[in-house]
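Contents: one structure, followed by commentary.
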Amino acid sequence: MSTKNKILDTALELFNTEGIDTVTVRHIAAEMGISHGNLQYHYANTNLVIQALYDRLAARFDTLLTAIPAAAADRMEAFRQSVTASFELVYEFRFIFLHFVEIGRRIPAITKHYKHNLRKREPQFMHIFSIMQQEGIMRKDIPEDVLKLFVHQLFIVADFWLSSNEITLQLKGKKALKYYSELFWGMFYPYLTAKGMKKFAV
1 MSTKNKILDT
11 ALELFNTEGI
21 DTVTVRHIAA
31 EMGISHGNLQ
41 YHYANTNLVI
51 QALYDRLAAR
61 FDTLLTAIPA
71 AAADRMEAFR
81 QSVTASFELV
91 YEFRFIFLHF
101 VEIGRRIPAI
111 TKHYKHNLRK
121 REPQFMHIFS
131 IMQQEGIMRK
141 DIPEDVLKLF
151 VHQLFIVADF
161 WLSSNEITLQ
171 LKGKKALKYY
181 SELFWGMFYP
191 YLTAKGMKKF
201 AV
């Protein structure tokens, strides 16, 4: 493993446990047992570390929806698996989502990329909904504008469930992932046909 990747792995663990306000490049270097100067050769400050971790997260997100196969027999199950993987990814990089507003203020490029990514994800989800309608899983009598609002609702839950959990249920690990992924799928219920309700039962 390269030094850069070791730095990012160590930083991710520290940010997840201690937040972004108290962790400095000195803390990361000390945790790794390397000099402050050695770490700064790769990342001069914590903002650059956070940006690199966000880039790693974004790259892994990009592979999820694009991995859904074209074959109809596998498509819906692959969609479910990609959503599960998305929740696991959010939890793995949870410091980003718990501190997203502050991170966006410190690193505007992250906010810009996130907004761009939302615009890219909407047509992907609308395409999935169209397939679900064609396969009799999702109702066909739902106006397009309502479906677009539903996509936005799904994004809010998928990306920011950690903040709600932090101040309410405070679930950890697998319990948190199970509860909030079930909450996510429960949002589909009013939009499903009888066939869809059986297929997507939580």
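Sequence positions in the sequence shown follow the numbering used here and run 1 to 202.
For glycine and all other residues, C-beta sits at the position ideal for the given N, C-alpha and C.
Checklist entry - Which whole-angstrom value describes the C-beta separation of Arg94 and Asn16, a residue pair presumed to lie in contact below a C-beta threshold of 8 Å? => result 6 Å
Next on the checklist: Quick check: the Cα distance between Gly186 and Leu177, rounded to an integer number of angstroms?
Outcome noted: 14 Å
Item to check | Residues near Gly19 by beta carbon distance below 8 Å, same chain, minus five either side | outcome: Phe95, Leu98 and His99
Checklist entry - What residue does the alpha helix (DSSP H) around Leu177 start on, and which one ends it? => result Gly173 to Gly186
Next on the checklist: Buried or exposed, going by whether 16 or more other CB atoms sit within 10 Å of the CB of Asn38?
Outcome noted: exposed
Checklist entry - What is the DSSP secondary structure of Leu169, reduced to helix, strand or coil? => result coil
Next on the checklist: Measuring straight from C-alpha to C-alpha, what distance separates Phe200 and Ser164?
Outcome noted: 24 Å
Checklist entry - Run through DSSP, which three-state label would Met1 get? => result coil
Item to check | Where the alpha helix (DSSP H) containing Thr111 begins and where it ends | outcome: Pro108 to Gln134
Next on the checklist: Using only CA atoms, which one of Asp62, Leu118, Asp21 and Glu13 lies nearest to Leu45?
Outcome noted: Reading the sequence as shown, one finds Asn at residue 45 and not Leu. Residue Asp21 is the option with its Cα nearest to Asn45.
Item to check | Presumed contact (8 Å Cβ cut-off) between Val90 and Asp9, rounded CB distance | outcome: That belief does not hold up - the Cβ atoms of Val90 and Asp9 are roughly 18 Å apart, past 8 Å.
Item to check | Tyr43 versus Tyr54: straight-line alpha-carbon distance, rounded | outcome: 14 Å
Next on the checklist: My assumption, with CB atoms under 8 Å, is that Ile110 sits in contact with Gln153. Please give the rounded CB distance.
Outcome noted: About 23 Å; that fails the 8 Å criterion.
Checklist entry - How many whole angstroms separate the CB atoms of Val151 and Met126, which I take to be in contact at a CB cut-off of 8 Å? => result 7 Å
Item to check | Burial state of Ser181 (16 or more Cβ within 10 Å) | outcome: buried
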